[in-house]
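Numbering follows the working numbering, with no gaps: position 63 of the sequence shown is 157. Ideal Cβ positions, reconstructed from N, Cα and C, are used throughout, including at glycine. Keep in mind it's a predicted model, so treat the numbers as computed, not measured.
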Amino acid sequence: MNIKYLLPLILLLVQGTYSFCIYNFLNDGSSIEVYQAHARVDSGKGFAKTIENGGKECCAYTNRDCSYRGTNTDPADFDVYFNFPRHKSLRHLIQCTTGGGVNVYGSEGDFYAICVLASGDEKRVPILPYAVTS
Numbered sequence: 095m096n097i098k099y100l101l102p103l104i105l106l107l108v109q110g111t112y113s114f115c116i117y118n119f120l121n122d123g124s125s126i127e128v129y130q131a132h133a134r135v136d137s138g139k140g141f142a143k144t145i146e147n148g149g150k151e152c153c154a155y156t157n158r159d160c161s162y163r164g165t166n167t168d169p170a171d172f173d174v175y176f177n178f179p180r181h182k183s184l185r186h187l188i189q190c191t192t193g194g195g196v197n198v199y200g201s202e203g204d205f206y207a208i209c210v211l212a213s214g215d216e217k218r219v220p221i222l223p224y225a226v227t228s
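#1: Using the Cβ count rule (16 or more neighbours within 10 Å means buried), how would you classify Thr-191?
#2: Give me the residue from Tyr-117, Phe-141, Ile-116, Ser-201 with the minimum Cα distance to Cys-160.
#3: Given a threshold of 16 other Cβ atoms within 10 Å of its Cβ, counted over all protein chains shown, does Asn-121 qualify as buried or as exposed?
#4: Less than 8 Å separating the beta-carbons of Val-174 and Glu-127?
#5: Which partner residues does Phe-119 have in the DSSP bridge list?
#6: Using a threshold of 8 Å, state whether the C-beta atoms of Glu-202 and Phe-178 are closer than that.
#7: Rounding to the nearest angstrom, what Cα-Cα distance links Arg-185 and Gln-130 in this structure?
#8: In the DSSP output, which residue or residues are listed as bridge partners for Leu-187?
#9: CB-CB under 7 Å to Pro-223, same chain, minus the five flanking residues each way: which ones, in chain order?
#10: Taking DSSP as the reference, what is the three-state secondary structure of Gly-194?
#11: I need the straight-line Cα distance from Ser-213 to Ala-170, nearest angstrom please.
#12: Buried or exposed, going by whether 16 or more other CB atoms sit within 10 Å of the CB of Gly-123?
#13: Kindly indicate the opening and closing residues of the beta strand (DSSP E) around Glu-151.
#14: Whole angstroms are fine: how far does the CA of Asp-168 sit from the CA of Tyr-162?
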């Protein structure tokens, strides 16, 4: 079975436990640093992980630092830095929702993200350079 079809099924299985998962499928060995942009600032915490190539990190629904209202449709914005083989990128933005996940694919110069919604639907979302989002 193709991983492209298997991954949404896996995400649906974990959505009862996790608010979201971020997967690193970059094909050049790069890691990514991910920080949830709209995490609870009053707690001083939030989702902040370095995800190695081929890895994933998740955040539970019960963790209000990741899903403020504890729903699977909350907006989730992620600041992302790519640790490419030759350099670390500037900050980028990926927007999705809680309740599913973000799959990051590609390599330096040609990377993209797929947002998997809690329903299992997938949509390609832009990875925006931070200067564009300001």
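The answer reads as follows:
#1: buried
#2: Phe-141
#3: exposed
#4: yes
#5: Tyr-199
#6: yes
#7: 12 Å
#8: Asp-173, Leu-222
#9: Leu-184, His-186
#10: strand
#11: 16 Å
#12: exposed
#13: 150-154
#14: 8 Å
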